[in-house]
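**Student:** This is the structure I want to talk about, given as structure tokens.
Numbering (the UniProt record's numbering), first residue to last: 1 to 87.
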């Protein structure tokens, strides 16, 4: 079976909740070998330090759903604000 590549910043928590805990919309900060992305997804499990995010690799294909764990700092309910440059 083919395992799709995971973002390089994915990380398993020390203890994993066994049952889904919810379905909350989030933005996941994903680091790949060649790029950085902010991807919409759903938080389905979490701990105090990590969040399991589920997202569509191809938004046009509902069967392309992937999921992995991220540190909580890489998951947000809104896009981060950018610093405005002046001058």
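Every residue gets a Cβ at the ideal spot worked out from N, C-alpha and C, and that includes glycine.
Fair warning: this is a prediction, and the values are worked out from it, not measured in the lab.
How is residue 72 classed by DSSP in three states: helix, strand or coil?
**Tutor:** Helix, per DSSP.
**Student:** Hey, out of 57, 35, 73, 29, whose CA is closest to residue 47's CA?
**Tutor:** 73
**Student:** In the DSSP assignment, the beta strand (DSSP E) including residue 56 goes from what residue to what residue?
**Tutor:** Segment 50-56, the beta strand (DSSP E) holding residue 56.
**Student:** What number of angstroms, rounded off, separates the C-alpha of residue 25 from the C-alpha of residue 53?
**Tutor:** 9 Å
**Student:** For residue 66 versus residue 4, is the C-beta spacing smaller than 7 Å?
**Tutor:** Judged by beta-carbon spacing, residue 4 lies within the 7 Å limit of residue 66, meaning their Cβ atoms are closer than that value.
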